[in-house]
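Some notes on the structure that comes next.
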Amino acid sequence: MKGYLHVYTGDGKGKTTSALGLALRSAGSGKRVFFAQFIKGQLYSEIKALERYSDLVVTRQFGLGCLLFSEPVAEDIEAAREGLRETERAMLSGDYQLVVFDEANIALRYKFFTLDELMEVINRRPPGVEVVVTGRDAPPQLIEAADLVTHMQQVKHYYQSGVSARLGIEY
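Given below as structure tokens:
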């Protein structure tokens, strides 16, 4: 069975949520999932929820916190690079049928690793391993290489009217 490359990108809400939905669906069918979160380092509700499926879903965070209000530092870069190495090891181990590189596109934007490095890892996936890459601003080369691309488009968002992120909805 061929494993396909999915890319979930765009400025709309739902990229990580879609990857989580696929992880849940995969676990529900007995498949093992490695869910790597780049950039993110906080304990989001989805991580707490996935812990309930720890026999089938392994989650790892390779971010040191939120970069919304700060510039990355050397430790951010090293955490992301180690995450890429660890995610590659997981993907090549034969233990997982779905591997998610959540917010890898943002890691690319911050130059934590290069597109060539990411593509080299993805292209080494064994047959039958499905790969998902999420995050805004997916590079054209990644979109071209993907088998499935979903572009989330923001049409309207309640943030624009001053609604803050809510527990269980945004985090």
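Just so we're on the same page, our numbering is the position in the sequence shown counted from 1, plus 49. Glycine residues also receive a C-beta, built at the ideal position from the N, C-alpha and C atoms. Bear in mind the structure is a predicted one, so any value in this text is a computation, not a measurement.
Reduced DSSP secondary structure (H/G/I, E/B, other) of residue i
{"i": "V107", "result": "strand"}
{"i": "V182", "result": "strand"}
{"i": "L191", "result": "helix"}
Interface flag, residue i vs chain B, CB-CB below 7 Å
{"i": "E152", "result": "Protein chains in the displayed structure number just one, and chain B is not present."}
Assumed close pair residue i, residue j - CB separation to whole angstroms, cut-off 8 Å
{"i": "G132", "j": "F87", "result": "6 Å"}
{"i": "K64", "j": "G184", "result": "7 Å"}
{"i": "F161", "j": "D125", "result": "7 Å"}
{"i": "R81", "j": "D144", "result": "6 Å"}
{"i": "V181", "j": "Y57", "result": "7 Å"}
{"i": "V170", "j": "E137", "result": "5 Å"}
{"i": "A156", "j": "A129", "result": "5 Å"}
{"i": "E179", "j": "L216", "result": "Not a contact, Cβ separation roughly 30 Å."}
Burial state of residue i (16 or more Cβ within 10 Å)
{"i": "N172", "result": "exposed"}
{"i": "H55", "result": "buried"}
{"i": "T163", "result": "exposed"}
{"i": "V122", "result": "exposed"}
{"i": "V149", "result": "buried"}
{"i": "Q202", "result": "exposed"}
{"i": "E100", "result": "exposed"}
{"i": "M140", "result": "buried"}
{"i": "L197", "result": "exposed"}
{"i": "G77", "result": "exposed"}
Scan the segment 57-143 and note each continuous beta strand (DSSP E) run of 3 residues or more that stays entirely inside, going in chain order.
With a minimum length of 3 residues, the continuous beta strand (DSSP E) runs that stay inside the segment 57-143 are 82-86, 106-110.
Run through the segment 142-179 for me and flag every whole alpha helix (DSSP H) of 4 or more residues, listed as ranges in chain order.
Along the length of the segment 142-179, whole alpha helix (DSSP H) runs at least 4 residues long occupy 153-158, 164-172, reported in chain order.
Three Cβ pairs or more, each shorter than 8 Å: is that satisfied between the segment 67-82 and the segment 92-109?
With a cut-off of 8 Å, the segment 92-109 and the segment 67-82 count as touching, because enough Cβ pairs lie within range.
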